[in-house]
Amino acid sequence: MRLKPVQRLLIHIILLAGAFISAMPFLWMITTSLKPAGSLYDPPLLFPVHFEWQNYSEAWQAAPFPRFFLNSAIMTIGITFAQTLLSAMAGYAFARLRFPGRNILFFLILGTMMIPFPVTLIPSFLIVADLGWLDTYQALIVPRAVSAFAIFLFRQFFLAIPRELEEAALIDGANRVVIFLRIILPLSTPVIAASATFSFLFAWNDFLWPLIVTNSTEMRTVQLGLAMFQGQYGTFWTLLMAATVLVTLPAILAFLLAQRRFIEGITSSGLKG
Amino acid sequence: MTVNSIHSSNEGRAKRPTFSRLQQLPTALVFLLPAIVILGVFNFYPALYSLYLSFFDWNGISPLKEAVGLANYKRLLDSQEFWNSLRVTFVYAGGMTLGSIAVGLLVAILLNLNIEGRAFYRVLYFLPVITPTVAAGVVWKYLFDPSQGVVNRSLALVNIDGPAWLVAPGWALAAVVIVGVWKRVGFNMVVYLAALQGIPRTYYEAAQLDGAGPWQTFRHITLPLLAPSTFFLSVTALIEAFQVFDLVYVMTAGGPLKNTDVIGFYLYRYGFRYYELGFASAIAYAMFVLIFIVTVIQFRLTRSGASDAA
């Protein structure tokens, strides 16, 4: 369809208006985080003219943010690594190995995606408590070490890899573990990038599970820390927004780094799912 | 499992593949064991145990669980709080799903018209999707500030006296829905855009030759071909919306006057503040059944919609 310049302009106006609403909270957050405490309500509200960088160091010290970031980093790296490796392994078994009950097991695993998280919340909490894991990194990582969605992504990707690549190695007597590590994984960087980005964002942004299985301040993650900070420093908008920028930044960076793969991951699951 | 039972279930097939199916079992177990253990212990078992717990009265600490039969469910159905929670959740889920699908589809269609700067728009619309919900909730809470917030200040520019949003009983839920839509639009847009790009040009050319106008083309070609995406997006959006928690926790804590007391927050209160684990499990199962029913209805609707078009 060919558009007239007027139509084109009109479309851009609509799209820009929408993009402005999308981005406005980010602009306000950054601008507020850089304002001197007294000039909070003065315009401009969305574009910074002040640059009070010390708001950031003040916010960083006002609550145990270094500790929250450490906890979130450990949890996020743990979950991302475990989900990627363990889900890729399972995906490989479903794509390549033949064993009784394979299809039933695969559908059962996909079925777990239909179980709402709150349904498993209380029993999972009780299991973690019984294991003596409350307030530990195990509690934050192990229950989420595998992702059914990632298993699905990996399986779809592995199915598209030509079998011939493995057959030569099989004839040479290599076992499946070696083939998986040496042949399959190196060919899978696109799906690894997509799945790792999903895991990273899931873990970094997660709130409800860490809220329930941690209770000491030392074990809180950044999202819990931010919610807590809002409770205590709710009237210090500039500091609160500086903290919010810091908590949001890693998620945005991860997304920008892996944007293409990540979006491919969403669209491929959306179209086939 | 014995070799025999596998043979009998595979009657009519050659024997060799049956044998190799068993041969690969140990290898498959190595690859699958972590996934089976973790999903089993932290998904399957909890889903069943939740149902079991819902028939008991238990505070989580006492060694004694008191079996109460269906009492928790009866209490649920008699509870005004539950029905309020259900209503709030339905309004949120409906508003968030419909709003984000309508806006996401509109943006995707516009971007699909060979507009320059597509990558730029895509990133901007997608940013809210990956933003931590807690951070988004914190920021929007201030944007909705009755006197100083950007929302009401912008409305004042066009001489509208904005409501008190998060502290106004009639408006708080609307504000939470707006944030939910804001956060979901980019995801829907990306999926719709990919689907639109997969529609062959020839379909549109044929429609043009037949004299179809833009609305007819949209109604009879674009929409039916997007039906699988619409199904996927509406189901995933509804499932996500029925479980909403973080946003409510940060923005309103269920208030004012339980006006935003979504079922996820209601469950959290009974499970982790009042420690009524049996009753909270009944809430969880009510939620499970609800999501299941809505998904089935969705499936039916989309199916019949797609076959109408064909």
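Heads up: the protein sequence lines correspond to chains A and B, in order. Residue 27 in the working numbering sits at position 15 of the first sequence, with consecutive numbering throughout. Residue 93 in the working numbering sits at position 59 of the second sequence, with consecutive numbering throughout. C-beta: ideal position from N, C-alpha, C; glycine also.
How big is the Cα-Cα spacing for residue i and residue j?
{"i": "B/W117", "j": "B/L111", "result": "8 angstroms"}
{"i": "B/W205", "j": "B/A198", "result": "7 angstroms"}
{"i": "A/A162", "j": "B/N293", "result": "36 angstroms"}
{"i": "A/T143", "j": "B/V184", "result": "Note that residue 143 of chain A is Leu in the sequence shown here, rather than Thr. Those two C-alpha atoms are separated by around 48 angstroms."}
{"i": "B/R253", "j": "B/A241", "result": "11 angstroms"}
{"i": "B/F76", "j": "A/T132", "result": "7 angstroms"}
{"i": "B/A190", "j": "A/T96", "result": "50 angstroms"}
{"i": "B/G305", "j": "A/I134", "result": "7 angstroms"}
{"i": "A/S280", "j": "B/V224", "result": "11 angstroms"}
{"i": "B/G298", "j": "A/L220", "result": "10 angstroms"}
{"i": "A/N217", "j": "B/L67", "result": "28 angstroms"}
{"i": "B/L63", "j": "B/A202", "result": "56 angstroms"}
{"i": "B/A320", "j": "B/A228", "result": "35 angstroms"}
{"i": "B/I255", "j": "A/G30", "result": "26 angstroms"}
{"i": "B/I143", "j": "A/T233", "result": "39 angstroms"}
{"i": "A/F80", "j": "A/A74", "result": "12 angstroms"}
{"i": "B/P162", "j": "B/G220", "result": "7 angstroms"}
{"i": "B/I212", "j": "B/G288", "result": "16 angstroms"}
{"i": "A/A49", "j": "B/A153", "result": "37 angstroms"}
{"i": "B/F178", "j": "A/M253", "result": "15 angstroms"}
{"i": "A/L197", "j": "A/S207", "result": "13 angstroms"}
{"i": "A/L58", "j": "A/M231", "result": "35 angstroms"}
{"i": "B/L120", "j": "B/Q277", "result": "12 angstroms"}
{"i": "A/I116", "j": "A/L109", "result": "14 angstroms"}
{"i": "A/N227", "j": "A/D147", "result": "6 angstroms"}
{"i": "A/M36", "j": "A/E276", "result": "26 angstroms"}
{"i": "B/E100", "j": "B/V210", "result": "38 angstroms"}
{"i": "A/S69", "j": "A/I139", "result": "39 angstroms"}
{"i": "B/T251", "j": "B/G245", "result": "10 angstroms"}
{"i": "B/L85", "j": "B/A316", "result": "7 angstroms"}
{"i": "B/Y238", "j": "B/P248", "result": "10 angstroms"}
Using only alpha-carbon positions, find the residue among the options that is nearest to residue i.
{"i": "A/L27", "options": "B/L145, B/A271, B/Y302 and B/V225", "result": "B/L145"}
{"i": "A/F106", "options": "B/F65, B/A81 and B/L281", "result": "B/F65"}
{"i": "B/I135", "options": "B/V102, B/Y83, B/A105 and B/A261", "result": "B/A261"}
{"i": "B/F313", "options": "B/R109, B/I70, B/I72 and B/L82", "result": "B/R109"}
{"i": "B/F2", "options": "B/S181, B/E310, B/D244 and B/L73", "result": "This structure cannot speak to residue 2 of chain B, because chain B is shown only from 35 to 344."}
{"i": "A/K47", "options": "A/V61, A/F129 and A/N115", "result": "A/V61"}
{"i": "B/M285", "options": "A/A100, A/L238, A/L193 and A/A254", "result": "A/L238"}
{"i": "A/L268", "options": "B/R334, B/R156 and B/P60", "result": "B/R156"}
{"i": "A/I38", "options": "A/T260, A/R272, A/A270 and A/F274", "result": "The sequence shown places Phe at residue 38 of chain A, not Ile. A/F38 has its Cα closest to that of A/T260, out of A/T260, A/R272, A/A270 and A/F274."}
{"i": "B/I325", "options": "B/E274, B/Y302 and B/L281", "result": "B/E274"}
{"i": "B/A105", "options": "B/R121, B/S88, B/K99 and B/E115", "result": "B/S88"}
{"i": "A/T88", "options": "A/L22, A/A263 and A/M41", "result": "A/A263"}
{"i": "A/F274", "options": "A/D54, A/S211 and A/Y149", "result": "A/S211"}
{"i": "B/T2", "options": "B/F266, B/L281, B/G138 and B/K217", "result": "Shown here, chain B extends from 35 to 344; a query on residue 2 of chain B therefore has no answer."}
{"i": "B/G232", "options": "B/F322, B/I149, B/L259 and B/G151", "result": "B/L259"}
{"i": "A/G243", "options": "B/L98, B/G196 and B/K175", "result": "B/K175"}
Give me the DSSP bridge partner(s) of residue i.
{"i": "B/D91", "result": "B/E100"}
Is DSSP giving residue i helix, strand or coil here?
{"i": "B/W249", "result": "helix"}
{"i": "A/W65", "result": "coil"}
{"i": "A/W145", "result": "coil"}
{"i": "B/R334", "result": "helix"}
{"i": "B/K175", "result": "helix"}
{"i": "B/W205", "result": "coil"}
{"i": "B/Y308", "result": "coil"}
{"i": "A/N187", "result": "coil"}
{"i": "A/Y53", "result": "coil"}
{"i": "B/D280", "result": "helix"}
{"i": "B/Q242", "result": "helix"}
{"i": "A/K110", "result": "The sequence as given places Arg at residue 110 of chain A; Lys does not occur at that position. Correct three-state label for A/R110: coil."}
{"i": "B/G288", "result": "coil"}
{"i": "A/A75", "result": "coil"}
{"i": "B/T36", "result": "For B/T36, the predicted structure reports a pLDDT of 39, less than 50, and the residue's modelled location is therefore unreliable. The matter cannot be settled from this model."}
{"i": "B/D295", "result": "coil"}
{"i": "B/T131", "result": "helix"}
{"i": "B/Q231", "result": "helix"}
{"i": "A/I134", "result": "helix"}
{"i": "A/E70", "result": "helix"}
Say yes only if the C-beta of residue i is nearer than 7 angstroms to one or more non-hydrogen atoms of the ligand ZN, and no if none qualify.
{"i": "B/V125", "result": "Looking for the ligand ZN in the displayed structure turns up nothing, as the structure carries no ligands at all."}
Exercise for review: Ignoring anything shorter than 3 residues or poking outside the stretch 19–49 of chain A, list the beta strand (DSSP E) runs there in chain order.
Suggested key: You should have found no qualifying run.
Exercise for review: Only counting runs of 4 or more residues, tell me where the alpha helix (DSSP H) segments fall wholly within the stretch 139–184 of chain A, in order along the chain.
Suggested key: 149–153, 160–171 and 176–183
Practice item. Within the stretch 200–284 of chain A, note down every full alpha helix (DSSP H) run reaching 4 residues or more, in order along the chain. Key: 201–217, 220–225, 234–245 and 249–284
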